[in-house]
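Enquirer:
Chains as they are written, first to last, in this note's numbering: chain R, -6 to 371; chain G, 16 to 406.
1) Who are the near neighbours of residue 231 of chain R in its chain, counting only those whose CB is closer than 8 Å to its CB and skipping five residues on each side?
2) Have a look at the DSSP bridge pairing and note the partners of residue 112 of chain R.
3) Quick one: which unbroken beta strand (DSSP E) runs of 3-plus residues sit fully inside the stretch 153 to 198 of chain G? Chain order, please.
4) From the DSSP output, read off the bridge partner residues of residue 1 of chain R.
5) By Cβ distance below 8 Å, which residues in the same chain neighbour residue 282 of chain R in space, the five residues on each side in sequence not counted?
6) Between which two residues does the beta strand (DSSP E) containing residue 91 of chain G stretch?
7) Would you kindly work out how many angstroms separate the C-alpha atoms of residue 162 of chain G and residue 167 of chain R, rounded to a whole number?
8) With 7 Å as the limit, tell me which residues of the stretch 24 to 37 of chain R have their beta carbon closer than that to any beta carbon of chain G; keep them in chain order.
9) Show which residues of chain G have a CB atom less than 9 Å away from the CB atom of residue 256 of chain R.
10) So for residue 334 of chain G, helix, strand or coil by DSSP?
11) Between the alpha carbons of residue 246 of chain R and residue 7 of chain R, how many angstroms are there, rounded?
12) For a contact defined as C-beta to C-beta under 8 Å, what are the partners of residue 351 of chain G on chain R?
13) So residue 52 of chain G and residue 73 of chain G are supposed to be a Cβ contact under 8 Å. How far apart are they, rounded?
14) Evaluate residue 123 of chain G with the Cβ neighbour count: other Cβ atoms within 10 Å of its Cβ, from every protein chain shown; 16 or more gives buried, anything less gives exposed.
15) Residue 47 of chain R to residue 60 of chain R, Cα distance in whole Å?
16) Can you list, in chain order, the residues of its chain with a C-beta nearer than 7 Å to that of residue 352 of chain R? Leave out the 5 residues immediately preceding and following it.
17) Counting only beta-carbon separations shorter than 9 Å, does residue 365 of chain R have a partner in chain G?
18) To the nearest angstrom, report how far apart residue 204 of chain G and residue 89 of chain G are at their CA atoms.
19) If we define contact as Cβ-Cβ less than 9 Å, is residue 44 of chain R a contact residue for chain G?
20) Roughly how many angstroms lie between the CA atoms of residue 174 of chain R and residue 67 of chain R, to the nearest whole one?
21) Report the start-end ranges of each alpha helix (DSSP H) in the stretch 34 to 97 of chain R that is 4 residues or longer and not cut off at the edges.
22) Checking contacts by CB at 9 Å: is residue 158 of chain R closer than that to chain G?
23) Candidates G:292, G:353, G:329: which alpha carbon is nearest residue 398 of chain G's?
24) Are any of the Cβ atoms in chain R nearer than 9 Å to that of residue 412 of chain G?
25) By how many angstroms is the C-alpha of residue 106 of chain R removed from the C-alpha of residue 16 of chain G?
26) Quick one, which of G:92, G:44, G:71, G:382 has its alpha-carbon nearest residue 63 of chain G's?
27) Determine whether the beta carbon atoms of residue 59 of chain G and residue 189 of chain G lie at a separation below 9 Å.
28) Are residue 126 of chain G and residue 117 of chain G touching if we call contact CB-CB under 9 Å?
29) Whose Cβ in chain R lies nearer than 7 Å to the Cβ of residue 77 of chain G?
30) If you count every other CB in all the chains shown that lies within 10 Å of the CB of residue 188 of chain R, and 16 or more means buried, which is it?
31) Since residue 284 of chain R and residue 147 of chain R are thought to touch, with beta carbons under 8 Å apart, how far apart are those beta carbons, to the nearest angstrom?
32) Keeping to the same chain, check which residues put their C-beta closer than 7 Å to that of residue 75 of chain R; ignore five residues upstream and five downstream.
33) Does any C-beta atom of chain R lie closer than 9 Å to the C-beta of residue 120 of chain G?
34) Run down chain G in chain order and give the residues with a C-beta less than 8 Å from the C-beta of residue 212 of chain R.
35) Helix, strand or coil, according to DSSP, for residue 54 of chain G in the structure here?
36) Answer yes or no: does any C-beta atom of chain R fall closer than 9 Å to that of residue 181 of chain G?
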């Protein structure tokens, strides 16, 4: 009989054994500065470059296209600001969506305040972004299209592969940025095949440790740095590299199981959960039907998110009310979907990882059923 | 739907009776380069090589990236191989080329019918296919002069092949079809480009790098490994010999006039490289020199260097400007590695005022100041081997 279950894997994941060991080894044995030109530095550098190769292999790109950062937010900022600065001579229009993570959304707002024209595509009532809207929005003076691969709150899968097509058809120079933080390791992603020039990824969402992420920058494009300093990361992101977190990142990537088999497992788990919810009644699914199987957003009729979260947490079940980065504010993403008022008050996000079990799903469903009985609903 | 890669070989079609030999080498090279992805079957018909993956799980995106770097290929394209039934062909055109057609604004259809038993003639195939595509993609218009996408329908013996955009190959001749040569590589911008260019003409590469610790670092050698790794994506595997060169360089410094250090050093390098080249059964040396680029690359300096070589020295960059060389180094992805700031053997003990017009007589006399012959033999003997192959 289990007593706790973690369903907030979109916020962060439990580090895998491989990542923990790699970080520990790096801290103890490879503590040199990778830029130092002596033996201690050389061995840290070899570890750093080996990690870069492992991640490049996984993304089917060249190691020189991987730039390490501190995580998803920094990668997104570097991509969006660096691309806008580089491309501004071609135009001022940036196409994105209403459902981006704040790391992109707020960064674009900032650019909007300094003279860029920000066009944000709205999702349909089903939570999906339409391909046609994307084609219509991209004009010849569009310089950047920034679109996440999988939405962090609903799991909606966005038409990233169409971004390049829209740019080509519009005869625009636009760079394509994809925030793939929630998708990396969870669906097949190859930037070159997707026509993506810039792709943000993060270690701690795939069982790495916090403090490392990366930005893929296609060798065919260049962007301007946001910080200045040393020669690290080809001057695009100077600063001594966080070798232990990066080594753990590579170890976590190498430990990723086969993506397709894993997705099937997740879909089965999700079906088990949704079947229970349907039986229970009073639980509405806010995620699109074809969303990523890792993330499910539901609203429990009449019960606000916060008491639900607190009740579940007190009983050992850990879910979230939306993006962990927005700390409890009403969800901009769900609002953009025009969800009816009641559902906006009561969303909970349930996100899986490869460690999620059927037993945990049953435990979650039992607890939600209990919550419905025990929490006073309006 | 079965997907294959159609490969058009370039110059090979001109090789008359030797063509088959060249094609065999090309296919062998492709097999080798694709081996990490899985098994491919190859067949040849009418100057096209068809590479078919043995199973569906093989990653064709990656295969194309690899094929784009194999010398001896003019152009290639991914194609759908379908049953020779016209309805199947029409459906496949719309479905298979969806991505390309949705990006485009204009298109045209080209048909080739080598199987003359196929009921429709080429113009009819074009007309019908065009009509179907217009129905499926109403945003498109036909432009027969400069279309964004050309939809190709080739009716061949076994299958009908459907493909869109052709991708330009790396050109040149299959590596190994012209013999083997030995590249002198320092770590700068030029030598990897020189290696790439000679591999393009079908030469298999072996390489020699001169290491002068403690004047040069482990990182400098690592840099050469990385550079050759990039070159080997085109040339196939490269055997690298790392020559301990400190002793010879120190002797030159102690015994010879400073103004001709570099020329004498290069003569020593040529001598060592030549011994290794002979041992490796290579027939020529390759350097990244360009006339007039630096003091050791003037005509007069080259006369002095070449004087110690019994085998031809290939200098593919001889008439190129630096920016032309840089353009190639960017293309083959070596530039960013080349500019890493580690000291290499060529920058150790660089004279302040090198002589740009050394005479052979002067250089030869200066060199006699120390007994270099045994040191040359020893350096070649003690060279360490590193096997470099593409990632």
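The C-beta atom is built at its ideal place from N, Cα and C for all residues, glycine as well.
Expert: The answer reads as follows:
1) Numbered from 1 along the first chain, position 238 holds the residue referred to as residue 231 of chain R. These residues qualify, in order along the chain: 218, 220, 221, 222, 223, 224, 225.
2) In the first chain, the residue the question calls residue 112 of chain R occupies position 119. Answer by DSSP bridge pairing, in chain order: R:88.
3) Runs found: 164 to 170, 175 to 178, 182 to 186.
4) In the first chain, residue 1 of chain R corresponds to position 8, counting from 1. R:344, per the DSSP bridge assignment.
5) Within the first chain, residue 282 of chain R is the residue found at index 289, counting from 1. Here the set comprises 119.
6) The count along the second chain starts at 1 and reaches residue 91 of chain G at position 76. Note, residue 91 of chain G: beta strand (DSSP E), 88 to 97.
7) Working through the second chain from its first residue, we reach residue 162 of chain G at position 147. Working through the first chain from its first residue, we reach residue 167 of chain R at position 174. Roughly 22 Å between the two C-alpha positions.
8) The stretch 24 to 37 of chain R vs chain G, Cβ under 7 Å: 30, 35.
9) Locating residue 256 of chain R in the first chain gives position 263, counting from the first residue. Within chain G, no residue comes near residue 256 of chain R; the closest Cβ sits about 16 Å away, beyond 9 Å.
10) On the second chain, position 319 is the one that residue 334 of chain G refers to. If DSSP states are grouped into helix, strand and coil, residue 334 of chain G belongs with coil.
11) To locate residue 246 of chain R, count along the first chain from 1; it is residue 253. To locate residue 7 of chain R, count along the first chain from 1; it is residue 14. Each residue's alpha carbon lies about 14 Å from the other.
12) Taking the second chain and counting its residues from 1, the one referred to as residue 351 of chain G is at position 336. Those are 57, 227, listed as they occur along chain R.
13) The residue you call residue 52 of chain G lines up with position 37 of the second chain. The residue you call residue 73 of chain G lines up with position 58 of the second chain. Sure, about 5 Å apart at Cβ, within 8 Å.
14) Numbered from its first residue, the second chain carries residue 123 of chain G at position 108. Residue 123 of chain G should be labelled buried.
15) Taking the first chain and counting its residues from 1, one reaches residue 47 of chain R at position 54. Taking the first chain and counting its residues from 1, one reaches residue 60 of chain R at position 67. Rounded to the nearest angstrom, the two C-alpha atoms are 13 Å apart.
16) Locating residue 352 of chain R in the first chain gives position 359, counting from the first residue. Closer than 7 Å at Cβ, skipping near neighbours: -5.
17) Walking along the first chain from the start, residue 365 of chain R turns up at place 372. By this cut-off, residue 365 of chain R is not an interface position.
18) Taking the second chain and counting its residues from 1, the one referred to as residue 204 of chain G is at position 189. Taking the second chain and counting its residues from 1, the one referred to as residue 89 of chain G is at position 74. Rounded to the nearest angstrom, the two C-alpha atoms are 26 Å apart.
19) Counting from one through the first chain, the residue named residue 44 of chain R turns up at place 51. It does not; no Cβ of chain G falls within 9 Å.
20) Here residue 174 of chain R refers to the residue found at position 181 when the first chain is read from its first residue. Here residue 67 of chain R refers to the residue found at position 74 when the first chain is read from its first residue. The straight-line gap from Cα to Cα measures roughly 11 Å.
21) DSSP runs (the alpha helix (DSSP H)) wholly in the stretch 34 to 97 of chain R: 65 to 80.
22) As a working mapping, residue 158 of chain R is identified with position 165 in the first chain. Chain G contact via Cβ: present.
23) Position 383 of the second chain holds residue 398 of chain G. The option with the nearest alpha carbon to residue 398 of chain G is G:292.
24) Shown here, chain G extends from 16 to 406; a query on residue 412 of chain G therefore has no answer.
25) Here the question's residue 16 of chain G lines up with position 1 in the second chain. Here the question's residue 106 of chain R lines up with position 113 in the first chain. Answer to the nearest angstrom: the Cα atoms are 50 Å apart.
26) Residue 63 of chain G sits at position 48 when you count from the first residue of the second chain. Considering only G:92, G:44, G:71, G:382, the residue with the shortest C-alpha distance to residue 63 of chain G is G:92.
27) As a position in the second chain, residue 59 of chain G is number 44, starting the count at 1. As a position in the second chain, residue 189 of chain G is number 174, starting the count at 1. The beta carbons of residue 59 of chain G and residue 189 of chain G sit no closer together than 9 Å.
28) Indexing the second chain from 1 puts residue 126 of chain G at position 111. Indexing the second chain from 1 puts residue 117 of chain G at position 102. Taking 9 Å as the Cβ cut-off, residue 126 of chain G and residue 117 of chain G do not qualify as a contacting pair.
29) Locating residue 77 of chain G in the second chain gives position 62, counting from the first residue. Residues of chain R passing the Cβ test: 53.
30) Mapped onto the first chain, residue 188 of chain R falls at position 195. Per the 10 Å Cβ criterion, buried.
31) Against the first chain, residue 284 of chain R aligns to sequence position 291. Against the first chain, residue 147 of chain R aligns to sequence position 154. About 6 Å; that satisfies the 8 Å criterion.
32) Start at 1 with the first residue of the first chain, and residue 75 of chain R comes out as number 82. Cβ within range, chain order: 216, 217, 218, 219.
33) Here residue 120 of chain G refers to the residue found at position 105 of the second chain. With 9 Å as the cut-off, residue 120 of chain G counts as an interface residue toward chain R.
34) Against the first chain, residue 212 of chain R aligns to sequence position 219. The answer, in chain order, is 348.
35) Stepping through the second chain from its first residue, residue 54 of chain G is reached at position 39. Reduced to three states, the DSSP call for residue 54 of chain G is coil.
36) Walking along the second chain from the start, residue 181 of chain G turns up at place 166. Not closer than 9 Å to any Cβ of chain R, the Cβ of residue 181 of chain G fails to qualify, so no.
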